[in-house]
Amino acid sequence: MAQISLTFPDGNKREYEQGVTPAAVAESISKSLSKKAISAMVDGQHWDLQWPIEQDAQIAINTLQDEAPALELIRHDLAHVMARAVQEIWPDTKVTIGPVTEHGWFYDFDRAEPFTPEDLGQIEAKMKDIINAREPVTTEIWERDRARAFYEENGEPYKVELVDRIPEGAPIRMYWHGGWQDLCRGPHLQHTGQLPADSFKLMGVSGAYWFGDVNRPMLQRVQGVAFRNRKDLQGYLNFLEEAAKRDHRKLGREMDLFHLQPEAPGQIFWHPNGWTIYTSLQDYMRRQQHRDGYVEVNTPQVVDRKLWEASGHWDNYQENMFIVEVDEEHAREKSINALKPMNCPCHVQIFNSGLKSYRDLPLRMAEFGSCNRYEPSGALHGIMRVRGFTQDDAHIFCTDDQIEAETKKFIEFLAGIYADLGFHNWTIKLSTRPEKRIGSEESWDRVEAALGDACKAAGYGFELQEGEGAFYGPKLEFTLTDAIGREWQCGTLQVDPNLPDRLDASYIGQDGEKHRPVMLHRAVLGSFERFIGILIEEHAGKLPFWLAPRQVVVASITSEADDYVHEVVAELKAAGVRAEADIRNEKINYKVREHSVGKVPVILAVGHREVEERTVTVRRLGEKQTKVAALAEITQELGVEATPPDLRG
RNA sequence: GCUGCUGUAGCUCAGAGGUAGAGCACUCCCUUGGUAAGGGAGAGGUCGAGAGUUCAAUUCUCUCCAGCAGCACCA
Numbered sequence: 001m002a003q004i005s006l007t008f009p010d011g012n013k014r015e016y017e018q019g020v021t022p023a024a025v026a027e028s029i030s031k032s033l034s035k036k037a038i039s040a041m042v043d044g045q046h047w048d049l050q051w052p053i054e055q056d057a058q059i060a061i062n063t064l065q066d067e068a069p070a071l072e073l074i075r076h077d078l079a080h081v082m083a084r085a086v087q088e089i090w091p092d093t094k095v096t097i098g099p100v101t102e103h104g105w106f107y108d109f110d111r112a113e114p115f116t117p118e119d120l121g122q123i124e125a126k127m128k129d130i131i132n133a134r135e136p137v138t139t140e141i142w143e144r145d146r147a148r149a150f151y152e153e154n155g156e157p158y159k160v161e162l163v164d165r166i167p168e169g170a171p172i173r174m175y176w177h178g179g180w181q182d183l184c185r186g187p188h189l190q191h192t193g194q195l196p197a198d199s200f201k202l203m204g205v206s207g208a209y210w211f212g213d214v215n216r217p218m219l220q221r222v223q224g225v226a227f228r229n230r231k232d233l234q235g236y237l238n239f240l241e242e243a244a245k246r247d248h249r250k251l252g253r254e255m256d257l258f259h260l261q262p263e264a265p266g267q268i269f270w271h272p273n274g275w276t277i278y279t280s281l282q283d284y285m286r287r288q289q290h291r292d293g294y295v296e297v298n299t300p301q302v303v304d305r306k307l308w309e310a311s312g313h314w315d316n317y318q319e320n321m322f323i324v325e326v327d328e329e330h331a332r333e334k335s336i337n338a339l340k341p342m343n344c345p346c347h348v349q350i351f352n353s354g355l356k357s358y359r360d361l362p363l364r365m366a367e368f369g370s371c372n373r374y375e376p377s378g379a380l381h382g383i384m385r386v387r388g389f390t391q392d393d394a395h396i397f398c399t400d401d402q403i404e405a406e407t408k409k410f411i412e413f414l415a416g417i418y419a420d421l422g423f424h425n426w427t428i429k430l431s432t433r434p435e436k437r438i439g440s441e442e443s444w445d446r447v448e449a450a451l452g453d454a455c456k457a458a459g460y461g462f463e464l465q466e467g468e469g470a471f472y473g474p475k476l477e478f479t480l481t482d483a484i485g486r487e488w489q490c491g492t493l494q495v496d497p498n499l500p501d502r503l504d505a506s507y508i509g510q511d512g513e514k515h516r517p518v519m520l521h522r523a524v525l526g527s528f529e530r531f532i533g534i535l536i537e538e539h540a541g542k543l544p545f546w547l548a549p550r551q552v553v554v555a556s557i558t559s560e561a562d563d564y565v566h567e568v569v570a571e572l573k574a575a576g577v578r579a580e581a582d583i584r585n586e587k588i589n590y591k592v593r594e595h596s597v598g599k600v601p602v603i604l605a606v607g608h609r610e611v612e613e614r615t616v617t618v619r620r621l622g623e624k625q626t627k628v629a630a631l632a633e634i635t636q637e638l639g640v641e642a643t644p645p646d647l648r649g
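Using the UniProt record's numbering, read the first sequence as starting at 1 and increasing by one per residue.
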């Protein structure tokens, strides 16, 4: 029998027979290690304890102490244990796939009856039984035909399809958890007793298409979360609770920012407080754009279908557009229009009016463009995914040669704005050529490289999303994260040589000839609506002072201070601070509580003492400590804070 | 759009086949109180919309609308 040499993490080498399993290796080291072992890393690959090792390799035995492999195995084995539990309780359930997710796992089932919340409790109990039974996990590699026949006999059509999808040459691994069988690439634990029975929780049921395909049957997805110990699970559940408190929909109500109602699904009724945030942000963006060399324009909402046909939207985007038909009944002339879902075709119209010279490029044309898109009902989400929204949109008309410099300039522009708004964790994704595309390979090569190089030149890395670009060009996406970790695309930059072509945009070059410009579609915030939603969640409602809709409440402690309260409010307003008086007949405790809940950043309390000394007692949101300040001093201080970051001296 | 769940007062929620309840918020009165809810009284609801079953429906059934979770979508 041939020998192989295994190298351990401490550098020691030992000889073993070829085909030795990590289980045997662990056994050879110590009894206790062999018991604690859950899997191995073999040349950096996560390896099942039962898989043979055929050649010299680096090896490390994993135990529950090793977080990454431990979590993967716990979650993956729990997926199997759950599927087993479900099939034991409802034997006619068909199993499909059950992968590990960020915090746990899910398993998709095909079953006629829907799972109810009560069912989840039953499944959980059965899972605990299986864990306590310490069912051994075993594995074998089967021939394709045998596996196929096995699943056909067992009435598992989804598994048959999975067997068929396993690429030629890849092993078809069969796993058993006790008497229950599943097709799985592994690795898995030694036995179900290695699972922590108190550190997982089933989180719910939802629908999911088989292979994500709308045309395939909808399955029932049962999701769970799992950790190595009860404390981590509890920590995660606490995080979810905290996240729920930051939900922009909840804070929007509590802070009286906006509301939505059934008569206008996906469109926002902005209340005075919310609209104050919106306009403050918009004023700030307008100043930034002016500084960065943009011109601002405004274009029509309702546009004849002819333009959408020319731009290609009528053919490719119609189902997402609000179509407006005007008939002879009340208009004498019939016309078919669409609410604009984006601003680009209109911007090209402005570009096209009058001759443009190469000297005009790059031409940066911005619009706070109100757009309407008929988003699918299931996609709507608070103010983050809506049907009516305003983009901080701009199109940069430029030459091929200018793409990289313009992109770099844009990234720096965006980074400065995100920093001003308190965002420091955001990522760039570069989406490259999709399968269906137009344009030559050389031009894709050039433009993709330009975007990548621009990121590097601006000092940022990026994640590649291969094949995710638009059919006409690659794009950068700038992504922020909401309170519960969902990612939202906000900023974007897309290279588009197509639309200028379709709408016949041109400029006169140095050579006196007509040339096509390229368009860069770009946005920093994406939409004001989505961005404000994220802003609220990021700051848990405690917005930076200059954006806070209600900045200061001046609260009387006794009604004898009322006149002074009004005087303080007037001073603050004169200093550019959004201040209001609270002279209600309530105790100071009550007022402090109410305005704290309302996320007012500063409460100024005034009673006899303050009136006499011409001071105020300052209480900042989140701080228990108060301090006394002279009126003139605090007015000056808050006046500075109320100034947007770009206007401070 | 799909699967499942939900819809009762401004908000958070309880309730039951015989046309409704709590807390907070709101209005008024008492209280002028020093940093996260002082006390009392009052007002407020076509129980998401429509249809059906029933002597009787807010409660049961169906359809629609909206919301929530996930999937799909996201130029």
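Heads up, the beta-carbon is just placed ideally off N, CA and C, and yes, glycines get one too.
Asked, Found
"Integer-rounded CB distance, given that D646 should sit under 8 Å from Y284", "7 Å"
"Residues bridged to S206 (per DSSP)", "R221"
"Other residues of its chain near L421: CB distance less than 7 Å, five sequence neighbours each side excluded", "L535"
"Buried versus exposed call for K475 [16 or more other C-beta atoms within 10 Å across all chains shown]", "buried"
"Nearest residue (CA-CA) to P9, options G44, A454, N298", "G44"
"Host alpha helix (DSSP H) of E404 (start-end)", "403-420"
"Straight-line gap, D92 to R111 (C-alpha atoms, nearest Å)", "7 Å"
"Cβ-Cβ separation, S199 to L233 (assumed contact under 8 Å), whole Å", "5 Å"
"Within 8 Å, strictly: CB atoms of R516 and D496", "no"
"Cβ neighbour criterion (16 or more within 10 Å) applied to F528", "buried"
"N-terminal and C-terminal residue of the alpha helix (DSSP H) that residue 657 is part of", "The structure shown does not extend to residue 657, since the chain is modelled only from 1 through 649, so no value can be given for it."
"Residue of P644, A642, G622, I603 minimising C-alpha distance to A629", "I603"
"Rounded C-alpha distance that separates I403 from A454", "9 Å"
"C-beta atoms of Q190 and I38 nearer than 8 Å", "yes"
"Short Cβ contact (8 Å threshold) for V81 with H177", "yes"
"Touch test, the stretch 558-573 against the stretch 605-614, Cβ-Cβ under 8 Å, three pairs minimum", "yes"
"Residue interval of the beta strand (DSSP E) (run including R173)", "172-177"
"Closest residue to T614 among V222, T635, P601, V95 (Cα-Cα distance)", "Contrary to the premise, residue 614 reads as Arg rather than Thr in this sequence. Nearest C-alpha to R614: T635."
"Extent of the continuous alpha helix (DSSP H) to which E613 belongs", "608-613"
"For F423, three-class secondary structure by DSSP", "coil"
"Pair within 8 Å by beta-carbon distance, D562 and I583", "yes"
"CB-CB length for V518 against T399, believed under 8 Å", "7 Å"
"Those runs of the beta strand (DSSP E) which lie wholly inside the stretch 550-634 and span at least 3 residues", "552-556, 579-582, 602-606, 615-620, 626-630"
"Neighbour-count burial assignment, E571, 16 or more Cβ in a 10 Å radius", "buried"
"Which of helix, strand or coil DSSP assigns to F8", "coil"
"CB contact flag (Q50, T139, <8 Å)", "yes"
"Sub-8 Å separation of A170 and L78 beta-carbons", "no"
"Straight-line Cα distance separating S5 from K13", "6 Å"
"Supposed close pair P601, L631 - CB separation, criterion 8 Å", "Between L631 and P601 the Cβ distance is about 18 Å, and since that is not below 8 Å, they are no contact."
"Rounded C-alpha distance that separates A244 from G98", "27 Å"
"Beta-carbon spacing of V222, F109 below 8 Å", "yes"
"Selected residue, minimal CA-CA separation from L162, among Y175, M1, R148, N154", "R148"
"Through-space distance from H539 to R253, alpha-carbon basis", "16 Å"
"Simplified DSSP state of T138, which is helix, strand or coil", "strand"
"C-beta atoms of R550 and V592 nearer than 8 Å", "no"
"Through-space distance from V95 to K159, alpha-carbon basis", "7 Å"
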